[in-house]
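With our numbering applied, the sequence shown corresponds to residues 27 to 117, in that order.
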Amino acid sequence: MAIAPEAIHAIATSVPGVINCHDIASRGVLGRQVFIEMHLIVDAPDVETAHHITEEVESRLEERFRPVRILIHVEPPAYKSEQISFETGAK
Ligand SMILES: [Zn+2]
């Protein structure tokens with residue numbers, strides 16, 4: 027872990043439309059190149075809105091941790107009962 031998952035979680039959930047996130051993973055060296063992956067649960071009526079929310083999450087993470095590459099797996103609110111987890115691995 028290059029970045030504490032709690033820090034990524036706090037930034038992601040500060041974005042309007044984000045319900046929660048889980049399966050947060052990061053690797054690399056902070057300040058040089060970091061890779062972040064996460065599952066993001068968004069409250070969005072369509073794909074376009076979900077995309078805007080995702081871009082805002084990316085932009086806030088970039089502001090804080092750049093240079094960074096981010097991979098976000100978007101999930102609908104129906105998944106919000108899923109266990110919140112910082113663990114990586116199987117869904
Ligand atoms: Zn998930």
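By construction, the Cβ of each residue, glycine as well, lies at the ideal position given by its N, Cα and C atoms.
Values in this document were obtained by computation on a predicted structure and should not be read as measured data.
- In the displayed model, residue 85 falls within a helix according to three-state DSSP.
- Closer than 7 Å to some heavy atom of ligand 1: that describes the Cβ of residue 49.
- Here residue 92 carries a coil assignment [DSSP, helix/strand/coil].
- Taking the Cβ atoms as the reference, residue 55 lies roughly 7 Å from residue 28, within the contact range of under 8 Å.
- Taking the Cα positions, residue 51 is about 26 Å away from residue 72.
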